[in-house]
Amino acid sequence: MSNFSDPGLSNEISNGDKMHKMAKVLWPIARSLTGDGVRETLAFIKQEISELNIESVPSGTTAFDWTVPKEWNITDAYIEDNYGNKVVDFSKNNLHVVGYSIPVDTWLTREELDKYLHSLPKQKNAIPYVTSYYQEQWGFCLTHKQRSKLPAGKYHAVIKSTLRDGELNYGEIILKGAEDKEILLSTYICHPSMGNNELSGPVVTTFLVKWLMSLKNRRFTYRIIFVPETIGSIVYLSKHIEHLKKNIIAGYVVTCIGDNNCYSYLPSRNGNTLSDIIAQHVLSHIEPEYKQYTWLDRGSDERQYCAPGVDLPIATIMRSKYGEYPEYHTSLDDLKFITSEGLNGGFLALKKSIKILEFNCYPKMIVICEPQLGKRGLYPNLSTKGQKTGVRAMMNLISYSDGEKSLLDISVIINIPFWELLPMVDDLVSHGLMEKHKECQLEK
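As numbered in this note's numbering, residues 56 to 499 make up the sequence shown, in order.
In structure tokens form, the structure reads like this:
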């Protein structure tokens with residue numbers, strides 16, 4: 056029998072709490088594309104998943120049209136006024152420094168300082184997230200309220216950072232299945248203290264890996280990677296592209312998956328891959344009013360996985376999509392914005408999607424005409440109004456089970472969740488009325 060049912064509610068809520076606690080531990084780490092913050096984050100994930108392999112790629116390595124940048128690390132940064140008061144302090148919030156800022160130790164007038172400051176006039180209490188990965192600059196980020204209150208005078212700007220030849224790091228785990236065909240899950244680990252846009256992805260992915268490892272009989276092989284966004288996925292593709300193009304049959308970018316808002320879906324460039332069909336099917340049944348975006352709204356690593364010449368079948372299931380919520384790329388995307396409930400919901404949406412991949416089959420009736428279900432206890436002896444929905448679903452399942460349509464195809468056609476039809480398939484198989492095949496059974 057196939058087991059599509061989820062564990063008890065209390066256990067799932069516990070998972071949400073555990074994910075939020077993991078995010079809390081990772082929260083203060085100053086992550087970027089490279090450096091100690093990335094290694095510290097990967098080392099913590101490895102404590103949770105000992106099988107995780109941490110890889111390194113030297114600065115200056117060419118990956119398609121890109122080059123791995125120098126490694127950046129930072130130990131402290133601040134702006135202090137003429138009296139020695141720190142008016143901006145990296146140690147209090149690591150968004151205060153523009154990512155990849157070069158080292159600085161200089162005195163400036165208030166007017167001179169202003170061109171190195173970044174704030175959001177329309178969000179006066181939010182610290183923006185700003186980076187300059189590929190051009191050497193420096194700067195500070197602060198709330199607009201802070202910025203507007205800085206008086207005239209002299210200011211001491213200090214950034215204790217280093218830019219040197221080092222390495223880019225990423226994490227990879229491959230879980231072998233009965234088949235060589237692979238499912239790709241990709242998340243990124245390059246943003247500092249932000250909740251939905253950063254930590255939700257790695258923590259949900261970590262718990263998906265734990266669940267996948269608990270499965271005794273995996274059908275597919277799973278390739279899960281924790282990479283710095285953009286440059287990390289490009290580097291990974293440059294090392295594995297031919298294997299991935301040959302073996303990946305579906306997959307998802309895991310990001311922005313932890314808040315309590317409406318679910319969102321971003322398609323692959325193709326728009327009609329197995330990943331797309333499953334994502335739409337799952338979301339249409341767990342939240343019918345989910346937000347559907349187009350490929351023109353892309354913005355994360357799906358850009359690389361679906362690029363011309365790569366063309367992997369990768370889609371994205373999210374809660375609030377990156378760039379579409381006010382807290383995005385600001386200090387307001389915090390540990391209060393992501394919740395145990397939100398993380399758990401995102402985890403379950405992806406878990407359902409993966410289960411469909413694992414249990415999808417091609418059901419085929421092996422009796423002519425409709426079978427007599429009543430004598431097998433599969434049809435109610437008394438016809439009542441409340442029973443008709445389930446009976447109708449089973450009869451529709453039987454009607455479409457010709458060996459040419461997958462169970463997912465049938466689920467979409469009759470608009471019944473896959474996870475409700477699968478037990479019916481098992482019942483019909485156990486009574487000798489149906490066969491289920493891994494591949495399409497075309498009539499010869």
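Even glycine gets a Cβ: it sits at the ideal position worked out from N, Cα and C.
| query | Can you tell me whether DSSP reads G194 as helix, strand or coil? | reply | coil
| Residues in its own chain within less than 6 Å of P472 by CB, not counting five upstream and five downstream? | H340
| Exposed or buried, which one is G250 when buried takes at least 16 other CB atoms within 10 Å? | buried
| said: Is it buried or exposed, S105, if we count other Cβ atoms within 10 angstroms and call 16 or more buried? | reply: exposed
| query | Does the Cβ-Cβ distance between E103 and K265 come in under 9 Å? | reply | yes
| request: With DSSP collapsed to three states, give me the class of T116. | output: coil
| task | Tell me whether F145 sits in a helix, a strand or coil according to DSSP, three-state version. | result | coil
| task | Closer than 8 Å by C-beta to T285: which residues in its own chain qualify, once you throw out the five before and the five after it? Chain order, please. | result | D356, R358, Q359
| If you run the structure through DSSP and keep just helix, strand and coil, what is M489? | strand
| Straight-line CA distance for L512 to G364? | No answer is possible for residue 512: it lies beyond the span of the chain, which begins at 56 and ends at 499.
| field | Beta-carbon separation (whole angstroms), Y348 vs S330, contact threshold 8 Å | value | No, Y348 and S330 are not in contact; Cβ-Cβ is about 14 Å, not under 8 Å.
| request: Express the C-alpha separation of H211 and T186 in angstroms, rounding to a whole number. | output: 21 Å
| N-terminal and C-terminal residue of the alpha helix (DSSP H) that Y360 is part of | 357 to 360
| Distance, Cα to Cα, N436 vs L483? | Reliability fails at N436, whose pLDDT of 49 lies under 50, so the model's placement of it is uncertain and the value that follows must be treated cautiously. If I take the Cα positions, the gap works out to 18 Å.
| field | Simplified DSSP state of G154, which is helix, strand or coil | value | strand
| query | Which word fits A181, buried or exposed, when buried means at least 16 other C-beta atoms lie within 10 angstroms of its C-beta? | reply | buried
| task | Could you tell me whether the region 449 to 466 touches the region 417 to 427, using the rule of 3 or more Cβ pairs below 8 Å? | result | yes
| request: Give the straight-line distance between the Cα atoms of I84 and P247, rounded to the nearest whole angstrom. | output: 7 Å
| At which residue ranges does the region 170 to 235 contain complete alpha helix (DSSP H) runs of 4 or more residues, listed in the order of the chain? | 199 to 203
| message | Classify F80: buried if its beta carbon has 16 or more other beta carbons within 10 angstroms, exposed otherwise. | response | Sequence inspection shows Val at residue 80; the Phe mentioned does not correspond to that position. Exposed, since its Cβ has fewer than 16 Cβ neighbours within 10 Å.
| Check whether T310 and Y383 have beta carbons under 9 Å apart | no
| said: Looking at the secondary structure, which residues open and close the alpha helix (DSSP H) in which S330 lies? | reply: 329 to 341
| field | Continuous alpha helix (DSSP H) stretch holding M268: start and end | value | 255 to 269
| Using the C-alpha atoms, what's the distance from E253 back to L503? | Nothing can be reported for residue 503: it is not among the residues displayed for the chain, which extend from 56 to 499.
| task | State the beta-bridge partners of M479 as determined by DSSP. | result | None; M479 has no bridge partner.
| query | What is the residue span of the beta strand (DSSP E) that V159 lies within? | reply | 159 to 164
| Pairwise C-alpha distance: Q427 and T439 | Any reading at T439 must be qualified, since the residue scores a pLDDT of 45, below 50, and its modelled position is unreliable; no value is offered.
| field | Proximity winner among R94, Y380, M373, E413, relative to G221 (alpha-carbon distances) | value | R94
| Is there at least one Cβ from chain E nearer than 9 Å to L88's Cβ? | Going by chain labels, chain E is absent from the structure shown, which holds only one protein chain.
| field | Start-to-end residues for the beta strand (DSSP E) that takes in D352 | value | Segment: none, D352 is in no beta strand (DSSP E) and carries neither H nor E.
| task | Mind the definition here: the region 199 to 214 touches the region 267 to 276 only if three or more C-beta pairs lie below 8 Å; say whether that holds. | result | no
| said: Between the alpha carbons of H492 and P124, how many angstroms are there, rounded? | reply: 49 Å
| Which ranges would you report for the alpha helix (DSSP H) in the region 375 to 433 if only whole runs of at least 4 residues count? | 395 to 414
| field | Alpha-carbon spacing of I228 relative to I279, whole angstroms | value | 5 Å
| field | Outcome for P257 when other beta-carbon atoms lying within 10 angstroms are tallied against a minimum of 16 | value | buried
| request: Using three-state DSSP, classify E110 as helix, strand or coil. | output: strand
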